[in-house]
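In mature numbering (1 follows the signal peptide of the UniProt record, and there is no 0), the protein residues as written are -22 to -1, 1 to 395.
Here it is, written out as structure tokens:
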């Protein structure tokens, strides 16, 4: 349902759809651009109507998951009648989601909905970025551990060569990106903040890389290596770039179109009114990373997923304990592995998806700041400085989380990691 909602939100930004969306009263009614006239008004509405539609689709998703997070509070076992709602009644749940979505499109543009929902989206998306960071750090450690184990078991040097190859490639990409950032996002004297972001994050990436191969860290965590550091470095560079694309200073924030195609065939810069707001490269890359993290979390083992979903017990244990379940495996009947305790927190599960919904919203709109004043809808297309700081702060938190995974086994030697 989350991925289907994501597809629908993406369709709202499809080229050519803005004229159809502009006919929806809740999205464009009452728009008057400073007395300039109805033609200018319709033009402004078409420029931002896709983003307004994305806001409403993702609002419906978030509201749906928030509703079920409340309903599922304190569900302990499958004996709770609410567990049947969690695992069934799909037809009715789809109807509820569609009903919320239809109602969301009737929220008037003159209300403070867009501005208020944007701030809620920024906070929720930041929290989801932290969850995403944990998944990426976990993926980096799991990949390194898996290939090292295969190398040690088979003594096939191909596994070790593979680790070295990807480590070098990731570091090279990170260095190339750093050079590109300095060349295009920090070339002007007024771009001192960008120079600080790039330089500081490059130094931090070097620090965690050195930290990963220190003898004491290796002794406490033999699986620690440069592959993890290279993955974190390239993700940090992505977050740095994503943050810089939200700087309102256009001198320091050229679009990829400005970089690759600075002028059209007539020798003039493209008119922003010639097209509507839609996908850009940061949105596409952000969506790819999001889908990867969702799929990665979905295929993790039960024990690992229990850690992410605040499980009170191991589902692996309850599945094996056939005496506590009901059913007959020989007859094709499944055992109820949640009679004693649920395998994951239902409420927290929906909170995770609610945060994912607002992250999708902010990603598809590139964290742009909506205008609460319909007399100046072009403000909707302005970059959002708070989003810039949220993203750059998330890059620092990412490095902090990864650094802690290296130091924790050494500092907390009495615990198992």
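Virtual Cβ for every residue (Gly too), placed ideally from N, Cα, C.
Small disclaimer: the values here were computed from a predicted structure and weren't measured.
Query, Result
"Inter-residue CB distance, residue 339 and residue 36 (contact presumed, cutoff 8 Å)", "3 Å"
"The region 130 to 148 touching the region 327 to 342, judged by at least three CB pairs closer than 8 Å", "no"
"Residue 454, buried or exposed, once every other Cβ within 10 Å from all chains shown has been counted against 16", "No statement about residue 454 is possible, as the shown extent of the chain runs from -22 to 395 and does not include it."
"Nearest to residue 138 (by Cα), restricted to the options 121, 152, 150", "121"
"Enclosing alpha helix (DSSP H) for residue 375 [first to last residue]", "363 to 389"
"Residue 142: first and last residue of the uninterrupted alpha helix (DSSP H) it sits in", "135 to 162"
"Same chain, Cβ closer than 8 Å to residue 400, neighbours up to 5 away in sequence not counted", "In this structure the chain extends from -22 to 395, so residue 400 is not present and cannot be described."
"Burial state of residue 370 (16 or more Cβ within 10 Å)", "buried"
"Separation of residue 27 from residue 261, as counted between CA atoms", "17 Å"
"Range covered by the alpha helix (DSSP H) that runs through residue 193", "193 to 198"
"Inter-residue CB distance, residue 159 and residue 176 (contact presumed, cutoff 8 Å)", "5 Å"
"Cβ distance (whole Å) where residue 207 is taken to contact residue 264 below 8 Å", "23 Å between Cβ atoms; not a contact."
"Inter-residue spacing [alpha-carbon to alpha-carbon] between residue 47 and residue 133", "48 Å"
"Boundaries of the alpha helix (DSSP H) in which residue 179 is found, first to last residue", "170 to 190"
"DSSP three-state assignment for residue 85, whether helix, strand or coil", "coil"
"Cβ neighbour criterion (16 or more within 10 Å) applied to residue 55", "exposed"
"Coil, strand or helix - residue 116 by DSSP", "helix"
"Proximity below 8 Å, CB of residue 224 to CB of residue 373", "no"
"CA-to-CA distance, residue 326 to residue 285, given in whole angstroms", "Note that residue 285 has pLDDT 48, beneath the 50 cutoff, so the model's placement of it is unreliable and no number is given."
"Short Cβ contact (8 Å threshold) for residue 230 with residue 161", "no"
"Under the three-state DSSP convention, the category residue 272 falls into", "helix"
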